[in-house]
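Protein chains in written order, with our numbering: chain A, 1 to 417; chain B, 1001 to 1181.
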């Protein structure tokens, strides 16, 4: 009997359960698949419900309101009330719509949203699908959502839906580039597309395996990519691009309610609308999970080895706690941004992607390369860090200034005094 | 530096978010049925008829059914019929005094034109009713409220009115010295 390792408890339980099925390999495979997918499908809708509550309460407080407070304690049952309302609504399909595409669009949006979750390492040995090319798979499947949004916009036969769908295509394709390019820096520095290796690279193993608790804690944090100049810039670019990628405020042009009703969602009601809503949040979780994995150290966090264990890799707090904490923290920042920033204009949106984020992301790749080869002093990047930071800051300022455009003259009023 | 404006904006929303937990001014919402209402001394809503003696509302109501308010009412929501005694002589009080509050716009013109201080503005607002025709047509009995009530909702204004009425009582209207020509 090995001593209990709280970090790996779930993994050990799963292996113990599967050990009973050793003589039935086919059944064992099926059960293993179910054991890794069912929790995903169960946990993330719950996270979605929590987030809608957080979003409604948070936005309300930002706007000096109280928010939902009639359903349960502090309105915590509001997501359930919303869900019941959605399910009871009539499912209206426009007479002239393309019925098949109209029906398939929410499904096509939801399936990849859940599928991309499977390449995220929630903890050590806790990754639903350990794919060697996890990051590529994530981006490839994630861009299917563009198709689904356009399907919804096209099949509704409504000019607002179509406008929303076309905006979505333009926006998502444009922002895919800075998103992937800022991720490329991490892939380049790690030398792997495997998400588990990307997380492992962000942990200082000799510090973690030392006997000093403080060093163990620090070793789980100090190596995060976000603490390097290329990682910090990459994280910000990735975060902004991911906001656009999942149509969150201030990039929610495809469903801009003051301009085009609800964009591609205009002709959806009832359960299909709920599916759209849920997929949006699940893909928000997925993309936040990926930015956690790439830049914020994945499941590593301030953590120590349990005192009773002599396994150098054992941890007291399960890693998925930190993973979900970071994911929710990013989600809260998204809500905060939604409560702060107004929606962009369409040309500003495209200009921001192509003229600002993209050059910055390309610059970031070069800075990453320089950081990698710059001389180090006892393993500390004394040259790479300050110079990389300076270069990133200067290119940020320069690209920003170049984007400023001609200064318009003060408007003169001829008739009004 | 570029992007500072965004950070400033985020700071403001954060201040509103956290401030709403400690600062009453940043969370002005009043939970209406539980935590009272926001009726103040300056609330004016629909008119009501004033009477003086709490024991005898119909006998001491100030209205004399002169119909000035009926004529002045812009949306014409007041309907008055004067009472007549057995001989058919006008009794100087209304037999019917209806206000259709679905039409009343709360302009207070009836209050301003009334020479007898008999119609004043109420501050009640819970007027919803399941019956949208009869329920929203307030009859004389619904509209009659005592001077005590008037003192309760608008003390300053009620005191002013009382003083004015008392002054009028002391100095009776001058009798016409010459008969009408």
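The beta-carbon is built from N, C-alpha and C at its ideal position, and this holds for glycine as well.
These numbers were taken from a predicted model, which means no experiment stands behind them.
- Counting C-beta pairs with one atom in each stretch, the stretch 257 to 275 of chain A and the stretch 136 to 152 of chain A have three or more that are closer than 8 Å, which means they touch.
- The alpha-carbon separation between residue 279(A) and residue 209(A) amounts to approximately 40 Å.
- The beta-carbon separation of residue 1050(B) and residue 1117(B), rounded to 7 Å, stays under the 8 Å limit for a contact.
- Here DSSP, grouped into helix, strand and coil, assigns residue 1048(B) to strand.
- Residue 222(A) sits in coil when the DSSP states are folded into three classes, being neither helix nor strand.
- With three or more CB-CB distances shorter than 8 Å, the stretch 1023 to 1032 of chain B counts as touching the stretch 62 to 78 of chain A.
- Proximity of chain B to residue 64(A) at the Cβ level (cut-off 7 Å) is accounted for by 1016, 1020, 1026, 1027 and 1028, in chain order.
- According to DSSP, residue 268(A) shares a beta bridge with no other residue.
- Judged by their CB atoms, residue 330(A) and residue 300(A) are not nearer to each other than the 8 Å cut-off.
- Taking a 10 Å sphere around the C-beta of residue 109(A), we find 16 or more other C-beta atoms and assign the residue as buried.
- Under a criterion of Cβ atoms nearer than 8 Å, the residues of chain B adjacent to residue 397(A) are, in order, 1001 and 1002.
- Close partners of residue 1068(B) in chain A (Cβ separation under 8 Å) are lacking, with about 45 Å as the shortest Cβ gap.
- Neighbourhood of residue 1009(B) in chain A, by CB distance below 8 Å: 340 and 341, in chain order.
- Residue 1006(B) has a beta carbon lying within less than 8 Å of a beta carbon in chain A.
- For residue 371(A), the enclosing alpha helix (DSSP H) begins and ends at 358 to 373.
- A check of alpha carbon separations from residue 206(A) across 217(A), 197(A) and 198(A) identifies 217(A) as the nearest.
- In the three-state DSSP reduction, residue 1083(B) falls in the strand class (E or B).
- Per the DSSP secondary-structure output, residue 377(A) pairs in a beta bridge with 380(A).
- Residue 1156(B): member of the alpha helix (DSSP H) spanning 1155 to 1170, first to last residue.
- Distance from the CA of residue 317(A) to the CA of residue 283(A), rounded to the nearest whole angstrom, comes to 26 Å.
- At least one CB atom of chain A sits nearer than 8 Å to the CB of residue 1013(B).
- Under the three-state reduction of DSSP, residue 1147(B) is assigned to helix.
- In the three-state DSSP reduction, residue 328(A) falls in the helix class (H, G or I).
- Look at the stretch 93 to 178 of chain A and you find these whole runs of alpha helix (DSSP H), each 4 residues long or longer: 99 to 115, 134 to 142 and 144 to 155.
- Proximity of the stretch 53 to 64 of chain A to the stretch 17 to 27 of chain A falls short of the contact definition, fewer than three beta-carbon pairs being nearer than 8 Å.
- Taking a cut-off of 8 Å for Cβ pairs, the stretch 1041 to 1048 of chain B and the stretch 1115 to 1133 of chain B touch, as three or more such pairs fall below it.
- Sequence-distant Cβ neighbours of residue 1087(B) in its own chain, meaning closer than 6 Å and more than five residues away, do not exist here.
- One alpha carbon belongs to residue 43(A), the other to residue 297(A), and they sit about 21 Å apart.
- Ranked by Cα distance from residue 349(A), the options 33(A), 241(A) and 89(A) are led by 241(A).
- Note that the stretch 214 to 229 of chain A touches the stretch 381 to 396 of chain A; at least 3 beta-carbon pairs, one per stretch, sit closer than 8 Å.
- In this structure, the CA atom of residue 407(A) is about 21 Å from the CA atom of residue 414(A).
- Counting every other CB atom within 10 Å of its CB across the protein chains shown gives residue 367(A) a total of 16 or more, marking it as buried.
- Excluding its 5 nearest sequence neighbours in each direction, residue 1094(B) has C-beta neighbours in its own chain below 7 Å: 1063, 1065, 1080, 1081, 1082, 1083 and 1140, listed in chain order.
- Under the three-state reduction of DSSP output, residue 1025(B) falls in the helix class.
- Contact of residue 58(A) with chain B by beta-carbon distance below 9 Å involves 1017.
- Secondary structure of residue 1097(B) (DSSP, three-state): strand.
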